[in-house]
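> My structure is below; once you've seen it, I'll send some questions.
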Amino acid sequence: MANGYNGNADGGNAGGGGTADSGSRNADGSGRGRQDREWADHAIRRITAENNRSADTHLYAIPLPEHWGVQLYLKDESTHRSGSLKHRLARSLFLFGLVNGWIRSGTTIVEASSGSTAVSEAYFAQLLGLPFIAVMARSTSPEKIALIEQFGGSCLLVDHASDVYSAAEEVAATSNGHYMDQFTYAERATDWRGNNNIAESIFGQLSREEHPVPDWIVVGAGTGGTSATIGRYLRYHSHPTQLLVVDPENSAFYPGWLGEGTGATVPATGLPSRIEGIGRPRMEPSFVPSVIDRMVQVPDAASVAAMRHLRSLAGLHAGPSTGTNLWGVWQLVAEMVADGRRGSVVSLMCDGGERYAGSYHNAQWLASRGLEPAPWEAVIAEFFETGRWTAA
1 MANGYNGNAD GGNAGGGGTA DSGSRNADGS GRGRQDREWA DHAIRRITAE
51 NNRSADTHLY AIPLPEHWGV QLYLKDESTH RSGSLKHRLA RSLFLFGLVN
101 GWIRSGTTIV EASSGSTAVS EAYFAQLLGL PFIAVMARST SPEKIALIEQ
151 FGGSCLLVDH ASDVYSAAEE VAATSNGHYM DQFTYAERAT DWRGNNNIAE
201 SIFGQLSREE HPVPDWIVVG AGTGGTSATI GRYLRYHSHP TQLLVVDPEN
251 SAFYPGWLGE GTGATVPATG LPSRIEGIGR PRMEPSFVPS VIDRMVQVPD
301 AASVAAMRHL RSLAGLHAGP STGTNLWGVW QLVAEMVADG RRGSVVSLMC
351 DGGERYAGSY HNAQWLASRG LEPAPWEAVI AEFFETGRWT AA
């Protein structure tokens, strides 16, 4: 497990959005600037080629009792080469940095991350031959750290989740690198109108289904970029689909959404999320509350229960943030059943369960953190027996 990094890496500007040094030029205008453009052109071609040879992710139909009249679909983002939903975001962030001139040949890429974004960015950094440093909380799963290192990245582990921002800025400055800053740029780096974003993919894959326009799409919030992209896409294309965002304990997103438009001070919990990949100790700039129709705060142990139930229900081995999504899904499905509404709900399988073999899928690890999924598993079992949702 790497705890340090090479602070002498050579490369581009410090911080997202900084002004890149154009370098020396000859009298005819040639020199570093032309070399930078040629390298950026090559880098963009490599990223777009990687996307072009990649198949879309599967949209699974999840079996529910037929008499409920509700179809559930899970989009399996774990099948990306870097193994998670964050593969799309990492691709967009790299392209954003390249077209802005922030990423150049030799630039050290630095990111503050809870794990999955760092894995995906390490993959793209390796694709472009760039050094990569991930700044993460020490509680990040060893499996994710190993994946970052497998893709050639290194990790700087900090004690508190709230420290990742300042530590990443410092690393970028001292390494003459570029801080990707996913928490600021996620919502603006992705084209919400379409261009093969996740929302466009979902609607394309649903086009021949019984209910091609879903009643709900359910996602969690890590940066806020996915919910912002989907929410904007729904409005831009005038879809009646509503967006539910689920949030774990300790996260600032849910109270921030409740206070949206009230003029209240932006909240910060300062606490780490126990559900890796979603939830933040502060409201992030990429989180856009106004595009969200509804939010639900999910108990952490309930997320684990729903994650485990998915494997027995559909044979899909997922991570805990997928369980958070499903806890929200079951509430929506129960409401539709109670109202006699036929339709469909779509959510995401964010990453694979193998990344959490030593943590969320390990009984001793769960017990050591006070996570007891059994009572919540009983709630899910009763729901599937009766079609009624009894949890508060």
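1 is the number of the first residue of the sequence shown in UniProt numbering; add one for each residue after it.
Here a beta-carbon is modelled for each residue, glycine too, at the ideal position from N, C-alpha and C.
Please report how far the alpha carbon of residue 256 lies from the alpha carbon of residue 285, in whole angstroms.
12 Å
> Between residue 342 and chain C, is any beta-carbon pair separated by less than 8 Å?
Included in the structure is just one protein chain, with no chain C present.
> If you reduce the DSSP assignment to three classes, tell me which class residue 67 lands in.
Looking at residue 67 - three-state DSSP - the assignment turns out to be helix.
> Within the same chain, show all residues whose beta-carbon is closer than 7 Å to that of residue 275, passing over the 5 residues directly before and after it, in chain order.
248, 300, 303, 320, 321 and 324
> What does a CB cutoff of less than 7 Å around residue 380 pick up in its chain, not counting 5 residues either side in sequence?
305, 306, 309 and 330
> Could you have a look at residue 253 and say whether DSSP puts it in helix, strand or coil?
helix
> Do residue 180 and residue 127 come within 8 Å of each other at the CB atom, strictly closer than that value?
no
> Hey, would you say residue 146 sits closer than 8 Å to residue 121, going by beta carbons?
no
> By how many angstroms is the C-alpha of residue 298 removed from the C-alpha of residue 254?
10 Å
> Could you please give the first and the last residue of the uninterrupted alpha helix (DSSP H) stretch that includes residue 365?
363-368 is the extent of the alpha helix (DSSP H) around residue 365.
> Give the secondary structure of residue 224 by DSSP, where H, G and I count as helix, E and B as strand, and everything else as coil.
coil
> For residue 247, which residues does DSSP report across the bridge?
297
> Considering residue 343, what are the terminal residues of the alpha helix (DSSP H) in which it resides?
Segment 343-349 is the beta strand (DSSP E) holding residue 343; no alpha helix (DSSP H) there.
> Out of curiosity, what's the CA-to-CA distance linking residue 206 and residue 287?
For residue 206 and residue 287, the distance between alpha carbons rounds to 27 Å.
> Taking the alpha carbon of residue 211 as the point to measure from, which residue in 389, 239, 273 and 229 has its own alpha carbon closest?
With distances taken between Cα atoms, residue 211 lies closest to 239.
> What are the complete beta strand (DSSP E) segments, minimum 3 residues, inside the stretch 118-174?
132-137 and 154-158
> May I ask you to list the residues that DSSP assigns as paired with residue 216?
242 and 345
> With 16 other CB atoms within 10 Å as the buried threshold, where does residue 386 fall?
exposed
> May I have the straight-line CA-CA distance separating residue 370 from residue 52, to the nearest angstrom?
44 Å
> With a threshold of 6 Å on Cβ separation, who are the neighbours of residue 270 within its own chain once the five nearest residues in sequence on each side are excluded?
162 and 281
> If you draw a straight line from the C-alpha of residue 388 to the C-alpha of residue 376, how long is it?
C-alpha of residue 388 to C-alpha of residue 376: approximately 14 Å in a straight line.
> Report the three-state DSSP secondary structure of residue 112 (helix, strand or coil).
strand
> Assign residue 359 to one of three DSSP states: helix, strand, or coil.
coil
> Residue 62 to residue 141, Cα distance in whole Å?
28 Å
> Just verifying my parser: in three-state terms, what is the DSSP assignment at residue 389?
coil
> Could you give the first and the last residue of the continuous beta strand (DSSP E) run that contains residue 59?
59-62
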